[in-house]
Amino acid sequence: MLVLALFSIYFLSTEAAPNGSFPALLAFGDSMVDTGNNNHLLTLMKANYWPYGWDFDLKIPTGRFGNGRVFSDIVAEGLGLKPILPPYRKLYIAPSDLKTGVSFASGGAGVDPVTSKMLRVLSPADQVKDFKGYKRKLKGIVGFSKAKEIVENAVVLVSEGNNDIGITYSLTPSAGMRLMTPNIYTSKLVGWNKKFMKDLYDQGARKFAVMGVLPLGCLPMSRVVFGVFFVWCNVLANQVSEDYNQKLKRAMKSWERESDFNGATFVYVDMFNSLMDIIKNHTKYGFTDEKSGCCCMIKSIIPCPNPDKYVFYDFSHPTEKAYKTIAPKLVEDIKTGLA
């Protein structure tokens, strides 16, 4: 039995990366990449009930905010790892899944300290703590050296800022009470994001794929003002989104030159323009509705029969088809930028 156990450990620790390049995907942040971690939290920010997960086998909700897979799942598949990225807080994760990556993300999370606390979800600090736990488990499976190698070469996919701008700044008095203009707030967000990246870096992460925020002014929830649904996007919300994205993009280039991030590589994942393209040219991509959600809104309490015709599944989350439409180019950007 001892010989068999030692052989198993050796086999696991010498197995090649599935795609020959990136051995794992580690996702952090918000609902764009959360695959079910909120299921076990005392929070209203959950998606483990009908009609979420409508397009999974047996139509069973998994905690993903959408009709099927979310962006992190599709990136994992695009990297040649696996079609489904499990949540770290799942009750049981197979050793093979731990080796190829998990999601630590939490729907509703943000880098503004107010955001995660207000929505009672996993903050960046909580996610880093889970990351430490993951590393301990990984070392137990493949050994110290191999675990270090996996973490250093894994794609670290981060999605932050959507809830900070879309909820904390836009829908609560929090930022105003702190005397923050949009310009000040977006600059603060970049600083908070940098701290999050540094905390992950200190735990061994080196290859960062950092997602910009969505065109928040074009989300179905942003088109509703005082109960009236408008056909055009919220221009001001989109301007704040673009301002943050441009600052983040510039900052990432400078981080690579800083000694605090020695050996790290950053690639910007352009969610804003990718999604805007299919919103503006939705018929080209096979969508018939780019404005409203397929479900979970006043005019669509009962889910639509074909989510693939919608860019958005609910008030703020893209459908699986929307993610799959924008993913190929973005995955190639990640591969090229982090190679």
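Under our numbering, the first residue of the sequence shown is numbered 1125, with each subsequent residue one higher.
Even for Gly, the Cβ is constructed at its ideal location relative to N, Cα and C.
These numbers come from a predicted model, not from an experiment.
Closest Cα partner of residue i within the set the options
i: Ser-1403; options: Pro-1185, Pro-1219 and Leu-1343; result: Reading off the sequence, residue 1403 comes out as Ile, not Ser. Here the closest residue by C-alpha is Leu-1343.
i: Ala-1218; options: Asn-1386, Lys-1183, Gly-1264 and Asp-1179; result: Gly-1264
i: Thr-1443; options: Lys-1415, Arg-1347 and Asp-1457; result: Lys-1415
i: Asn-1307; options: Ala-1249, Asp-1367, Ser-1346 and Val-1282; result: Asp-1367
i: Gly-1257; options: Leu-1324, Ala-1375, Lys-1453 and Val-1355; result: Leu-1324
i: Val-1314; options: Ser-1220, Ser-1294 and Lys-1377; result: Lys-1377
i: Met-1156; options: Lys-1448, Ala-1463 and Lys-1459; result: Lys-1448
i: Met-1242; options: Gly-1153, Glu-1382, Asn-1430 and Leu-1168; result: Leu-1168
i: Glu-1382; options: Phe-1268, Gly-1234 and Lys-1322; result: Lys-1322
i: Asn-1163; options: Ser-1230, Trp-1316, Asp-1326 and Asp-1221; result: Ser-1230
i: Asn-1172; options: Phe-1195, Ser-1240, Phe-1152 and Lys-1214; result: Lys-1214
i: Met-1395; options: Pro-1452, Cys-1357, Lys-1253 and Val-1348; result: Pro-1452
i: Gly-1290; options: Thr-1310, Tyr-1176 and Val-1266; result: Thr-1310
i: Gly-1267; options: Phe-1320, Gln-1370 and Leu-1222; result: Leu-1222
i: Lys-1253; options: Leu-1295, Val-1194, Ser-1294 and Phe-1320; result: Phe-1320
Rounded C-alpha distance that separates residue i from residue j
i: Trp-1174; j: Ser-1440; result: 17 Å
i: Leu-1340; j: Ser-1365; result: 6 Å
i: Ala-1200; j: Leu-1166; result: 28 Å
i: Gly-1461; j: Val-1393; result: 10 Å
i: Phe-1189; j: Asp-1384; result: 35 Å
i: Lys-1312; j: Leu-1372; result: 11 Å
i: Ile-1198; j: Asn-1161; result: 17 Å
i: Asp-1179; j: Lys-1170; result: 17 Å
i: Phe-1350; j: Asn-1362; result: Confidence in Phe-1350 is poor, its pLDDT being 46 and thus under 50, which makes the residue's placement unreliable; the coordinate value appears in the next sentence. Cα-Cα distance, rounded: 19 Å.
i: Phe-1146; j: Met-1301; result: 44 Å
i: Ile-1184; j: Pro-1211; result: 16 Å
i: Asn-1074; j: Lys-1272; result: What is shown of the chain runs 1125 to 1463, which leaves residue 1074 out entirely.
i: Asn-1386; j: Leu-1182; result: 47 Å
i: Ser-1464; j: Asp-1236; result: As shown, the chain starts at 1125 and ends at 1463. That puts residue 1464 outside it, with no answer to give.
i: Gly-1228; j: Arg-1260; result: It should be noted that the sequence gives Phe, not Gly, for residue 1228. Spanning the two alpha carbons is a distance of roughly 15 Å.
i: Ile-1208; j: Pro-1248; result: 23 Å
i: Phe-1255; j: Asn-1397; result: 30 Å
i: Val-1359; j: Leu-1149; result: 34 Å
i: Asn-1430; j: Ser-1269; result: 48 Å
i: Gly-1234; j: Leu-1338; result: 14 Å
i: Val-1245; j: Gln-1251; result: 10 Å
i: Ile-1425; j: Leu-1262; result: 43 Å
i: Lys-1318; j: Lys-1445; result: 31 Å
i: Val-1355; j: Asp-1326; result: 45 Å
i: Thr-1239; j: Thr-1407; result: 36 Å
i: Ala-1463; j: Phe-1390; result: 11 Å
i: Cys-1357; j: Val-1226; result: 34 Å
i: Leu-1303; j: Ser-1220; result: 48 Å
i: Leu-1281; j: Asp-1401; result: 22 Å
i: Ser-1196; j: Phe-1152; result: 9 Å
i: Trp-1379; j: Gly-1177; result: 38 Å
i: Ser-1294; j: Arg-1374; result: 24 Å
i: Thr-1296; j: Val-1194; result: 27 Å
i: Asn-1369; j: Val-1348; result: 24 Å
i: Trp-1316; j: Ala-1388; result: 18 Å
Nearest-angstrom beta carbon gap, residue j and residue i [assumed within contact, 8 Å]
i: Thr-1292; j: Ser-1298; result: 5 Å
i: Cys-1428; j: Cys-1418; result: 4 Å
i: Asn-1287; j: Gly-1232; result: 6 Å
i: Asp-1158; j: Glu-1284; result: So it is not a contact: roughly 12 Å between Cβ atoms.
i: Leu-1399; j: Ile-1458; result: Not really, about 17 Å apart at Cβ, beyond 8 Å.
i: Leu-1205; j: Thr-1224; result: 5 Å
i: Gly-1202; j: Val-1455; result: 4 Å
Chain C contact for residue i (CB, 8 Å cutoff)
i: Gly-1160; result: Included in the structure is just one protein chain, with no chain C present.
Cβ contact (3+ pairs, closer than 8 Å) linking the region 1328 to 1340 and the region 1275 to 1283: yes
Three-pair Cβ contact test at 8 Å for the region 1427 to 1436 versus the region 1405 to 1414: yes
Contained beta strand (DSSP E) runs [length at least 3] in the region 1268 to 1340, N- to C-terminal order: 1279 to 1283 and 1331 to 1335
Runs of alpha helix (DSSP H) lying entirely within the region 1161 to 1234, each at least 4 residues, in chain order: 1195 to 1202 and 1219 to 1224
Beta strand (DSSP E) runs wholly inside the region 1356 to 1424, at least 3 long, in chain order: 1389 to 1393 and 1413 to 1417
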